[in-house]
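Residues 282 to 677 in our numbering are what the sequence shown spells out, letter by letter.
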Amino acid sequence: MTDIQGKRILLGLSGGIAAYKAAELTRLLTQAGAEVRVVMTEAACRFITPVTMQALSGNPVHTDLWDARVSNNMAHIELSRGCDAIVVAPASADFLAKLALGLCDDLLSTLCLARECRLLAAPAMNLQMWGNPATQRNLKQLRADGIAILGPASGDQACGEVGMGRMLEAEEIFEEIDACFQPRLLAGKRVLVTAGPTFEPIDTVRGIANTSSGKMGYAVARAARDAGAAVTLVSGPTALAAPRGLERIDVSSAQQMYDAVMARVAKADVFIGVAAVADYRPTEAKGHKLKKGTGEITLQLRPNPDILGTVATRRNAPFCVGFAAETENLEANADAKRRRKKVPLLAANLAQHAFGADDNQLILFDDQGRHELPRAPKIVLARALIAHIAKLLPKK
Ligand code: CTP
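Okay, here's the thing in structure tokens:
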């Protein structure tokens, strides 16, 4: 479930090869419960047909400023009223130039000018067109006008070149649309998040790890970013792609995670420790691959530093949030852990249900008691956690 459910999205397509991604975006939006209206420029219709977009959106597609189907013959006004957002994807260099100048010579540009809602544009073009000073000048103007520019990404281009100008993937644009509906509860705050497992080397090819996927920590980082915070994500080894628009620091061992956090914590307003940090590491990591013997061997372990505990007891500590992964006696253990770590807020979950899954269930413990967050996708829980943190943050 996302905040896109029930939203009215006007999806505009201008001309570009990336128009095929708009088909997938439409599917994602309608699946999430949005009402999607599609408007296409003449050039867009050369890349993908209105029939495809009509079938996927479940609504007639509009291409003509003079559409006689619209009762008052004012398609530009009719379509832009009542929308929660207009998303132009792909937004060609030409279309961005029109938007920047306020030109309105077709249906899409006219309804963008006549809009009352937010406007998001996902540029798609060749790298030279993207880098051209005229395009960059237009983008600066569009940002100043409050238009959200989504991407683009760098990579292989349809023209055979490689560089900046590829339109974001449908899934990424979907996430940006979802993000634009989030309240800016942490605007101006700096949030430091740890996520994922740690890896404690035994020798050059082996080590001690755990089954944390990093999904909860990444969801928390994304939710904090969507709430307007500047986010740094210190991540143990995971297969996940970093959410866009935040700083990601990759680490491997608990000691590296500790060092990365300590180097950045002084600037943080909020610290959220979601990582499943190994409590111990091998006393000695061999510099070569251990050879097999016949007898038993003993692995000697020494404690790792407690990152959350250290941050929470600093002078001028940020607002600290811990996660407790328990396998039994969840409530008693979590509450005791909160007191031991001296953190104002602790989110507890059952490790056997949480690790690796897309859904989770949390109980938050703070000075006021316990607050249950029922089973839901991790991003939904992460948003609820961020809202709870925003409520508890000291007002300046
Ligand atoms: N944590 C940490 N540094 C460590 C161990 C844990 O920062 N060396 C943080 C985790 O990121 C989490 C919280 O402390 O926010 C609790 O982690 P958890 O593994 O549940 O607790 P431990 O303190 O390790 O206690 P135990 O393993 O005995 O339950």
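In this text, a Cβ means the ideal position worked out from N, Cα and C, and glycines have one as well.
Quick caveat, the model's predicted, so the values are computed rather than measured.
I'd like the span of the beta strand (DSSP E) that includes residue i, first residue to last.
i	result
L601	With the sequence shown as reference, residue 601 is identified as Cys, and Leu is not the correct amino acid for it. Counting along the chain, the beta strand (DSSP E) containing C601 begins and ends at F600 to E607.
A528	Here residue 528 is Glu; the residue named in the question, Ala, does not match the sequence. E528 to D531 is the extent of the beta strand (DSSP E) around E528.
I367	A366 to A372
F552	V551 to G554
I428	No beta strand (DSSP E) contains I428, which DSSP labels as neither H nor E.
V739	The question about residue 739 has no answer here: the residues shown for the chain are numbered 282 through 677.
I644	D640 to D647
S435	A434 to D437
A757	Past the boundaries of the shown model lies residue 757; the chain is included only from 282 to 677, so the question cannot be answered.
M448	Where M448 is concerned, there is no enclosing beta strand (DSSP E), given that its DSSP letter is neither H nor E.
T475	R471 to A476
V515	A511 to S516
Beta carbon of residue i, beta carbon of residue j: below 8 angstroms?
i	j	result
G297	A381	no
A557	L514	no
G329	D459	Note on identity: in this sequence residue 329 is Ile, with Gly being the wrong assignment. Cβ distance not < 8 angstroms, so I329 and D459 don't count as in contact.
L309	A451	yes
V474	G498	yes
A372	N419	no
C364	C385	no
Q438	R447	yes
S494	F636	yes
N585	A559	yes
R625	D648	For clarity, residue 625 is Pro in the given sequence; the question names Arg instead. It is a contact, given that the beta carbons lie within the stated cut-off.
V368	L401	yes
D387	E323	yes
P518	P478	yes
V546	I670	no
I530	A541	yes
For residue i, which residues from the same chain have a beta carbon less than 6 angstroms from its beta carbon, with the 5 sequence-adjacent residues on both sides left out?
i	result
R294	First, the amino acid is wrong: residue 294 is Leu here, not Arg. The answer, listed in chain order, is A300, A303, M321 and A325.
A632	A606 and T608
A549	R471, L473 and P599
Q422	A381
A315	I285, K288 and I290
I667	A504, A505 and A508
L674	F600
L521	G495 and Y499
R664	A504
R656	D640 and Q642
Could you pull the start and end residues of the alpha helix (DSSP H) that residue i belongs to?
i	result
R503	K496 to D507
P583	Per the sequence shown, residue 583 should be read as Arg rather than Pro. Where R583 is concerned, there is no enclosing alpha helix (DSSP H), although the beta strand (DSSP E) it sits in stretches over L582 to P584.
A613	L611 to K622
A535	A535 to M543
I458	A451 to C461
V661	K659 to L673
L589	I588 to A593
S493	No alpha helix (DSSP H) holds S493; DSSP gives it neither H nor E.
V332	P331 to S338
Report yes or no: is there a C-beta of chain D within less than 8 angstroms of the C-beta of residue i?
i	result
G432	Of the chains in the structure shown, none is chain D; there is only one protein chain.
Leaving out five residues on either side along the sequence, give the residues of the same chain with a beta carbon under 8 angstroms from the beta carbon of residue i.
i	result
A615	A605, E607, L627, A629, I644 and F646
I358	L392 and A395
T311	V317, L337, S338 and G339
T307	L292, V317, V319, M334, L337 and S338
P433	A403, P404, A405, M406, W411, M445, G446, R447, M448 and L449
Looking only at its own chain, which residues have a Cβ that is under 7 angstroms from the Cβ of residue i, when we skip the five neighbours before and after it?
i	result
K622	L589, G590, A593 and G603
I660	A500, R503 and A504
P524	Y499, A502, R503 and R506
C461	A366, R399, L401 and A429
V555	V474, T475, A476, M497, G498, V501 and F604
Less than 7 angstroms separating the Cβ of residue i from some heavy atom of the ligand MG?
i	result
P625	As presented, the structure is devoid of the ligand MG, carrying the ligand CTP as its sole ligands.
Does the count of Cβ pairs from the segment 397-416 and the segment 466-478 closer than 8 angstroms reach three? no
Any contact between the segment 562-570 and the segment 475-492? By contact I mean 3 or more CB pairs, one from each, below 8 angstroms. yes
For the pair the segment 578-586 and the segment 499-517, tell me if three or more CB-CB distances fall below 8 angstroms. no
The segment 530-547 contacting the segment 446-461, beta-carbon criterion three pairs below 8 angstroms: no
Write down every uninterrupted run of the alpha helix (DSSP H) in the segment 378-424 whose length is 4 residues or greater and which is fully enclosed by it, in chain order. 388-394 and 408-412
Can you check the segment 285-329 for any alpha helix (DSSP H) of at least 4 residues that lies completely inside it and give the ranges in chain order? 300-312
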